[in-house]
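Here the structure comes first, spelled out in structure tokens, and everything after it is commentary.
Residue numbers (the working numbering), protein chains in the order written: chain A, 47 to 249; chain B, 47 to 249.
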């Protein structure tokens, strides 16, 4: 029997493979997505394909803060009302959206595009650390807030960066760790609770 | 403050929306996929976009069995060695791959492209039922195996189709239900075990 008979057509197999390369998409999900696209109107599938192309063609990294932007420098770096003395360092562009939603930070940002992770072979040279140092050496910066995630890799990255930043004469700070608002002491994990006791504050 | 400042660039937001429209992709996954594509080389993202376009442009439904194919009629329907007297009716193109892998079926197929599901507003007219009836009326078919999934919708669809097919003088069969091979009686669900007892066979 012809081996091809039992196989899906080449364009189907190829898209399944492409979807499978994306993070968090297993072989079954890749199949499901592909057969879903087979069923949708032609225009819907084209819209997805075009959105992917335009994402790559119409965005660049801001030459100042390394955030994703359509215009370089980005809107935040161009904004005169932002405080140029404070830089908030984050892992990913999405983290900027989270901080902006608080409306409580009015300085500038710097996106590292990852964290130091020896397990995944990501070293400091893979991150936008040199770009951060260059900005601080520029002179106007007084404080760098390390807003990497409060986990092993995030902490290590913050420690690494602060060791390079402190000699440059800037204040290096870290986001407060403690109990999340609305949480329940009973269900807090040990590390978070220990940190909350350690860093207890006067009422 | 400018409302745009806290928002992601338009191409980013647009791709997040497009991904979010796919089944099983929530808003968080859509964000993750989009920012992943921002990081990959340009060629990788283009490869995904092209695979989507080619899926739509290079595949059609086989005019005989309704399976997805590059050439119409499909390789299985064109194959002279297949038994034209038996049609195996499945819900989705993926089900054909599963049956073909068994190498135990040598007839033809028919893809319904779904099941009757009043909950999701899918009626018989949304399925390729009329195409199946036309094939059976064609005369050469002696048996139709209803290989829809053994769940509520699959059973209802099989019942519906068999009621239309039986008057045409064909034998309508259903895949056997029972304990899956390698399973453990202790953990079998009640319905499966009841069916296995009901349909018990002589050794």
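C-beta atoms are modelled at their ideal positions from N, C-alpha and C, and glycine is treated no differently.
Query	Result
Once DSSP output is grouped into helix, strand and coil, what is the label at residue 249 of chain A?	coil
May I ask you to report which of helix, strand or coil DSSP gives residue 243 of chain A?	helix
Determine the closest residue to residue 213 of chain A out of A:127, A:175, A:179, with distance taken between C-alpha atoms.	A:179
Which two residues bound the contiguous alpha helix (DSSP H) that contains residue 200 of chain A?	198 to 211
So within the region 71 to 155 of chain B, which uninterrupted beta strand (DSSP E) runs reach at least 3 residues, ignoring any that extend past its ends?	129 to 136
Is any beta-carbon of chain A found at less than 8 Å from that of residue 114 of chain B?	yes
In angstroms with no decimal places, state the Cα-to-Cα distance between residue 136 of chain B and residue 164 of chain A.	48 Å
Taking Cβ positions only, does residue 162 of chain B come closer than 8 Å to chain A?	no
Is there at least one Cβ from chain B nearer than 8 Å to residue 209 of chain A's Cβ?	no
Applying the 10 Å Cβ sphere with the 16-neighbour rule, what's the burial state of residue 148 of chain B?	exposed
Less than 8 Å separating the beta-carbons of residue 175 of chain B and residue 202 of chain B?	no
Return the CA-CA distance between residue 119 of chain A and residue 109 of chain A, expressed in angstroms with no decimal places.	6 Å
With DSSP as the reference, label residue 218 of chain A as helix, strand or coil.	strand
Mind pulling the chain B residues with CB within less than 8 Å of residue 77 of chain A?	140
Applying a beta-carbon distance threshold of less than 7 Å, which residues of chain B neighbour residue 99 of chain A?	92, 95
For residue 185 of chain B and residue 215 of chain B, what's the separation of their Cα atoms in angstroms?	10 Å
I want to know whether the region 57 to 69 of chain B touches the region 87 to 106 of chain A - three or more CB-CB distances under 8 Å.	yes
For residue 105 of chain B, go through chain A and note every residue whose CB falls closer than 8 Å to its CB, in chain order.	55, 57, 58, 84
At what residues does the alpha helix (DSSP H) containing residue 161 of chain A begin and finish?	Element bounds for residue 161 of chain A: n/a, residue is neither H nor E.
If you check the beta carbons only, do residue 132 of chain B and residue 177 of chain B fall under 8 Å apart?	no
Step through the CB atoms of chain A and report whether any lies within less than 8 Å of the CB of residue 61 of chain B.	yes
In whole angstroms, what separates the C-alpha of residue 242 of chain B from that of residue 152 of chain B?	26 Å
At least one CB of chain B closer than 8 Å to the CB of residue 226 of chain A: is that the case?	no
Looking at residue 134 of chain A: is its Cβ nearer than 8 Å to the Cβ of residue 204 of chain A?	no
Over what stretch of residues does the alpha helix (DSSP H) that includes residue 62 of chain B continue unbroken?	56 to 66
What first and last residue would you give for the alpha helix (DSSP H) that runs through residue 182 of chain B?	175 to 183
Nearest by alpha-carbon distance to residue 130 of chain A: which of A:75, A:181, A:150 is it?	A:181
Note down, in chain order, every chain B residue with its Cβ under 7 Å from the Cβ of residue 88 of chain A.	102
Find the nearest neighbour of residue 68 of chain B within the set A:74, A:58, A:86, A:154, judged by alpha-carbon distance.	A:86
For the beta strand (DSSP E) that residue 190 of chain A lies in, which residues bound it at each end?	189 to 192
Can a CB atom of chain B be found closer than 8 Å to the CB of residue 126 of chain A?	no
Find out if the Cβ-Cβ distance for the pair residue 145 of chain A, residue 199 of chain A is shorter than 8 Å.	no
Give a yes or no on whether the C-beta atoms belonging to residue 98 of chain A and residue 95 of chain B are separated by under 8 Å.	yes
Confirm, please, whether the CB-CB distance from residue 116 of chain A to residue 139 of chain B is below 8 Å.	no
Any beta-carbon of chain B closer than 8 Å to the one on residue 143 of chain A?	yes
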